[in-house]
Amino acid sequence: MFRKIIKNKLQKYVRKYFIAHPEVKLVIVAGSVGKTSTKVATATILSSKYRVRLHEGNHNTDMSAPLAILGVGYPLDVRSVVSWLKVFSAARKRIKRPADVDVIIQELGADHPGDIQGFAEYLNPDIAIITAVTAEHMEHFGDMAAVAKEELEAANFSKMAVINRDDIEGKYANYLTNANVTTYGTSGIAEYRFEEENFTLENGYQGNLIAPEFDTAVDVQVNVVGEHNIRPVIGAAAVGVKLGMSKDEIARGMADVLPVAGRMNLLPGVQGTTIIDDTYNSSPLAAQCAIQTLYKLQAPQRILIMGSMNELGPVSAVEHEKLGKMCDPNAIAWVITVGDEAERYFAPAAKSNGCQVQSFKTSLEAGAFAHKVLEEGAIILGKGSETGIYVEEALKIILRTTAEQDNLVRQSDAWKAEKNKFFSKFA
Numbered sequence: 176m177f178r179k180i181i182k183n184k185l186q187k188y189v190r191k192y193f194i195a196h197p198e199v200k201l202v203i204v205a206g207s208v209g210k211t212s213t214k215v216a217t218a219t220i221l222s223s224k225y226r227v228r229l230h231e232g233n234h235n236t237d238m239s240a241p242l243a244i245l246g247v248g249y250p251l252d253v254r255s256v257v258s259w260l261k262v263f264s265a266a267r268k269r270i271k272r273p274a275d276v277d278v279i280i281q282e283l284g285a286d287h288p289g290d291i292q293g294f295a296e297y298l299n300p301d302i303a304i305i306t307a308v309t310a311e312h313m314e315h316f317g318d319m320a321a322v323a324k325e326e327l328e329a330a331n332f333s334k335m336a337v338i339n340r341d342d343i344e345g346k347y348a349n350y351l352t353n354a355n356v357t358t359y360g361t362s363g364i365a366e367y368r369f370e371e372e373n374f375t376l377e378n379g380y381q382g383n384l385i386a387p388e389f390d391t392a393v394d395v396q397v398n399v400v401g402e403h404n405i406r407p408v409i410g411a412a413a414v415g416v417k418l419g420m421s422k423d424e425i426a427r428g429m430a431d432v433l434p435v436a437g438r439m440n441l442l443p444g445v446q447g448t449t450i451i452d453d454t455y456n457s458s459p460l461a462a463q464c465a466i467q468t469l470y471k472l473q474a475p476q477r478i479l480i481m482g483s484m485n486e487l488g489p490v491s492a493v494e495h496e497k498l499g500k501m502c503d504p505n506a507i508a509w510v511i512t513v514g515d516e517a518e519r520y521f522a523p524a525a526k527s528n529g530c531q532v533q534s535f536k537t538s539l540e541a542g543a544f545a546h547k548v549l550e551e552g553a554i555i556l557g558k559g560s561e562t563g564i565y566v567e568e569a570l571k572i573i574l575r576t577t578a579e580q581d582n583l584v585r586q587s588d589a590w591k592a593e594k595n596k597f598f599s600k601f602a
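If you count by the working numbering, then the sequence shown holds residues 176 to 602, one letter each, in order.
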């Protein structure tokens, strides 16, 4: 009852905020993967022209999202009535004051069927970006149709939707009831798209942005690694165009976008190696794209550190095995796995292809092994989920300097304490 009362009050404050400030635009970001990269890219591009509010953490639930939208801090003690009274007071002040932003960008998360629909009770976004539909929380959703229906619901209660054409299958279009939909991506079928001309690890991608509103292509630079990481930037650019940004403003904003920590972020490793840090989280689609990117990069040696993918429920075995079958012994010198699911399903599939595979229970062991077998100039891709996997700790062992550790995910004191507790079970 206490939670319901708080939730209802927070939703009421959000509704009042947008009534008081109709000039403020709301952009929401939903989808199975890629939400953080997309919202940060959108904020980066839009901030070159507009005042933007963005909560960089994952405040995307029914309790935290309203406060992120309002720009009010989440209480440290959620059971304290006094703390919530202070939150409510701050929310009322925010409503009464002149707007301090032009655009609010908010991520919406879904762990269970119906989660996205819950946001429709108090939000009417100007633009929804739908990033992808892939396997997620399958223990709750059961099948991909349920996932697609859930994520695409965000498009239906928004005034306009911008949808990733490359990572959402066309068969799911029947779940859309909003006719005001456009698409983005890196393929020719997307309305907003990127056409690559050149790529280097040092400078990222050079190419052209195609947008229906522009009579000519826009020369742009995108400083990311992997085609799948261009798409969030294109989606963000599409939003910028829809909100009235010029060609030059869009191009400058796109050049300013940088990889988010733990999401295909390049870091220097020992012995002149290059680390691709993709350890924030993992899903079948994201892992597939990361491995494909690794294959495209030239290096004397390639190493894959693959952690188990969490939250796949009944499809875990199939999805891990599919990825294992992607491993090519002619392209990857070593496949190193972390966690039970990766060892049980991913590793055997990679071995059957002829790959050298070594499996470990913890990322600390995996990192030590990678350090032993890596060669000068190698490229090492680290990919894994959060809870109980922590592949970032494997990468920590092969970083060029300890100063680079701050660029890894989950390095706060609270996270370090949690990981120390986890690793102590294997001592």
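Glycine included, C-beta positions come from ideal geometry on N, C-alpha and C.
Where Met319 is concerned, the enclosing alpha helix (DSSP H) starts and stops at 319-331. Lys558 places its beta carbon 8 Å or farther from that of Met501. Annotation for Phe369: the continuous beta strand (DSSP E) segment containing it runs 367-375. If you compare the alpha carbons of Ala506, Glu516, Leu479, Val445 with that of Glu496, the shortest gap goes to Glu516.
Under DSSP, Trp509 forms a beta bridge with Ile478. The beta strand (DSSP E) runs lying completely inside the stretch 394-443 and spanning 3 residues or more are 440-443, given in chain order. Thr361 sits buried, since 16 or more C-beta atoms from the chains shown fall within 10 Å of its C-beta. In this structure, Val490 lies away from Ile451, with their beta-carbon atoms at least 8 Å apart.
Per the coordinates, the alpha-carbon of Leu201 lies some 11 Å from the alpha-carbon of Tyr192.
With fewer than 16 other beta carbons inside 10 angstroms of its own, Asp394 counts as exposed.
Unbroken beta strand (DSSP E) runs of no fewer than 3 residues, entirely contained in the stretch 207-272, are found at 227-229, following chain order. Contact fails between the stretch 317-328 and the stretch 369-381, because fewer than three Cβ pairs, one in each stretch, are under 8 Å apart.
Per DSSP, Gln463 is one residue of the alpha helix (DSSP H) stretching across 459-471. Leaving aside the five residues that flank Asp252 on each side, the residues in its chain whose CB is nearer than 7 Å to its CB run, in chain order, Ser258.
Within the stretch 484-566, the complete beta strand (DSSP E) runs of at least 3 residues fall at 509-513, 532-535, 554-558.
Ala216 and Ala413 have their C-alpha atoms roughly 11 Å apart. In chain order, Ala330, Ala336, Ile338 place their CB closer than 7 Å to the CB of Val356, counting only its own chain and leaving out the 5 sequence neighbours on each side. Leu201: not part of any alpha helix (DSSP H); member of the beta strand (DSSP E) spanning 200-205, first to last residue. Here the stretch 182-191 makes no contact with the stretch 376-388; the two share fewer than three CB pairs at distances below 8 Å. Contact check for Leu460 and Thr309: beta-carbon distance about 4 Å, within the 8 Å limit, so the pair qualifies. By the Cβ-count criterion, Leu570 is buried, with 16 or more other Cβ atoms from all chains shown falling within 10 Å of its own Cβ.
Under the 8 Å Cβ criterion, the stretch 211-225 counts as touching the stretch 400-411, having at least three qualifying pairs. Contact check for Gly444 against Leu574 passes: the beta carbons are separated by less than 8 Å. Cβ atoms of Gly437 and Asp453 come within 8 Å of each other, at about 7 Å. The stretch 274-289 and the stretch 223-235 touch, with three or more beta-carbon pairs separated by less than 8 Å. Ala462 is not a Cβ neighbour of Leu487, given a cutoff of 8 Å. Going by beta carbons, Gln533 and Phe521 fall outside the 8 Å limit.
Non-local beta-carbon contacts of Glu494 in its own chain, meaning distances under 7 Å to residues more than five positions away in sequence, involve Ala310, Pro459, Met484, Leu487 in chain order.
Beta-carbon to beta-carbon, Glu568 and Ser538 are separated by about 4 Å, close enough to satisfy the 8 Å threshold. Taking the Cα positions, Leu260 is about 11 Å away from Arg254. Here DSSP, grouped into helix, strand and coil, assigns Val356 to strand. If you look at Ala303, you'll find it in the beta strand (DSSP E) that goes 302-305. Separation of the CB atoms of Ser333 and Ala307 is rounded to 17 Å, and the pair is thereby denied contact status at 8 Å. Distances from the CA of Asn456 to each of Ile194, Ser207, Ile181, Ile180 were compared; the closest alpha carbon is that of Ser207. The DSSP-derived three-state label of Gln281 is strand. Judged by their CB atoms, Trp509 and Ile466 are not nearer to each other than the 8 Å cut-off.
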